[in-house]
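S.K.:
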Amino acid sequence: GEDVEQSLFLSVREGDSSVINCTYTDSSSTYLYWYKQEPGAGLQLLTYIFSNMDMKQDQRLTVLLNKKDKHLSLRIADTQTGDSAIYFCAETLGANNLFFGTGTRLTVIP
Amino acid sequence: NAGVTQTPKFQVLKTGQSMTLQCAQDMNHNSMYWYRQDPGMGLRLIYYSASEGTTDKGEVPNGYNVSRLNKREFSLRLESAAPSQTSVYFCASSQRTGGTEAFFGQGTRLTVV
Chain A
110 GEDVEQSLFL SVREGDSSVI NCTYTDSSST YLYWYKQEPG AGLQLLTYIF SNMDMKQDQR
170 LTVLLNKKDK HLSLRIADTQ TGDSAIYFCA ETLGANNLFF GTGTRLTVIP
Chain B
-17 NAGVTQTPKF QVLKTGQSMT LQCAQDMNHN SMYWYRQDPG MGLRLIYYSA SEGTTDKGEV
43 PNGYNVSRLN KREFSLRLES AAPSQTSVYF CASSQRTGGT EAFFGQGTRL TVV
């Protein structure tokens, strides 16, 4: 949905950290997600965070949630060329649907 | 395990033609979805089916119809294609709506000329 906002592009050097940001719409969203889309493929769930959490870490991925500002971020440590993809944040609204952001195209420069 | 399978992968239509995009999942999921993906706009929900026998409109339903044929299959029909429907279409499924992981098909790239 157009109200879930992300920057369209991000470039980082291999080995650096990447931080992808997202602002979402509904403070009552129960789950917030990060999906990854590789070229020519569908989306795959990377990680998610429940709305009563501030942070979640999963190997190289760290998700931070600021509910007050409705801001979600995904940090990828030691970014690799295989991390080049489009990253979508998404929120659940009500009990029904996932609403996606515009996606951030991450390019990793060797 | 095939997951979510969409057919066809590519399609070119002339304005006014009709076609049906097929989607099937083998994960025994209750909920299925159709999204379209356009540059700079992310994914927008066209229709969804929370369970077998039910369908509901999403954000952008105009020009589309859907059928939840059975638990496995959820098809999307364009009755009279328009150039504005040129897009990449994704089918997805999840155990239930809201709060669970959605699994996506590989997408159908549709061009309407």
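Top to bottom, those sequences are chains A and B. Heads up, the first sequence is in this note's numbering, so the first residue is 110 and it goes up one at a time. Heads up, the second sequence is in this note's numbering, so the first residue is -17 and it goes up one at a time. Glycine included, each C-beta is placed from N, C-alpha and C at the ideal position.
(1) Pick from R214/A, T211/A and D192/A: whose alpha carbon is nearest that of D125/A?
(2) Helix, strand or coil: how does DSSP classify D163/A here?
(3) Spell out whether any CB of chain B is found under 9 Å from the CB atom of T211/A.
(4) Closest to S31/B by CA distance: which of P43/B, N10/B and F56/B is it?
(5) According to DSSP, what are the bridge partners of A64/B?
(6) Using alpha carbons as the reference points, say which of T(-13)/B, G45/B and V42/B lies closest to M9/B.
(7) Any beta carbon from chain A within less than 9 Å of R50/B's own beta carbon?
(8) With DSSP as the reference, label H180/A as helix, strand or coil.
(9) Could you spell out where the beta strand (DSSP E) holding V(-6)/B opens and where it closes?
(10) Spell out a yes or no on whether the stretch -13 to -2 of chain B and the stretch 129 to 141 of chain A are touching, meaning 3 or more CB-CB pairs, one atom from each, closer than 8 Å.
(11) Go through its chain and collect everything with a Cβ distance to L152/A's Cβ below 6 Å, but skip five positions before and after it.
(12) F72/B to T90/B, Cα distance in whole Å?
(13) Mind checking which residues open and close the beta strand (DSSP E) that includes V70/B?
(14) Just to confirm my understanding: we take R26/B, look at its own chain, exclude 5 residues before and 5 after, and list those with CB closer than 6 Å. What are they?
(15) Determine the direct distance from the alpha carbon of S13/B to that of R78/B, and round the result to whole angstroms.
(16) Are there 16 or more other CB atoms within 10 angstroms of the CB of S97/B, so buried, or fewer, so exposed?
(17) For N47/B versus E61/B, is the C-beta distance shorter than 9 Å?
(18) Let's see if you can read the secondary structure: which residues bound the beta strand (DSSP E) around G24/B?
(19) Just curious, the beta strand (DSSP E) that D20/B is in, first and last residue?
(20) Could you list which residues in chain B have their beta carbon closer than 8 Å to that of N130/A, in chain order?
(21) Which partner residues of N52/B appear in the DSSP bridge assignment?
(22) Which residues in the same chain as D38/B place their Cβ atom closer than 8 Å to its Cβ, once the five residues preceding and following it in sequence are excluded?
(23) Can you list, in chain order, the residues of its chain whose CB lies under 7 Å from that of P(-10)/B, leaving out five sequence neighbours each side?
M.R.: From the atom records:
(1) The residue with the shortest Cα to Cα distance from D125/A is D192/A.
(2) Coil.
(3) Closer than 9 Å: yes.
(4) Of P43/B, N10/B and F56/B, the residue nearest in Cα terms is F56/B.
(5) Beta-bridge pairing links A64/B to no other residue.
(6) Closest option to M9/B, Cα to Cα, is T(-13)/B.
(7) No Cβ of chain A is located within less than 9 Å of the beta carbon of R50/B.
(8) Assignment of H180/A by DSSP, reduced to helix, strand and coil, places it in the strand class.
(9) Boundaries of the beta strand (DSSP E) harbouring V(-6)/B: F(-8) to L(-5), taken from the DSSP string.
(10) These segments do not touch.
(11) Excluding its 5 nearest sequence neighbours in each direction, L152/A has C-beta neighbours in its own chain below 6 Å: Y144 and Q146, listed in chain order.
(12) Answer to the nearest angstrom: the Cα atoms are 7 Å apart.
(13) In the DSSP assignment, V70/B falls within the beta strand (DSSP E) that extends over S69 to S76.
(14) Sequence-distant partners of R26/B (beyond 5 residues in either direction) whose C-beta falls short of 6 Å from its own C-beta, in its chain, are R18, E41 and V42.
(15) Taking the CA atoms as reference points, R78/B sits about 5 Å from S13/B.
(16) Outside the shown range of chain B, which is -17 to 95, sits residue 97/B, and nothing can be said about it.
(17) Yes, these two residues count as a Cβ contact at 9 Å.
(18) Where G24/B is concerned, the enclosing beta strand (DSSP E) stretches over G24 to S31.
(19) Per DSSP, D20/B belongs to the beta strand (DSSP E) from S13 to D20.
(20) In chain order: nothing, as chain B lies at least about 15 Å away.
(21) In the DSSP assignment, no residue is bridged to N52/B.
(22) A distance below 8 Å between beta-carbons, with the five flanking residues on each side excluded, links D38/B to the following residues of its chain, in chain order: Y29, Y30, S31 and A32.
(23) Taken in chain order, the residues that qualify are T90.
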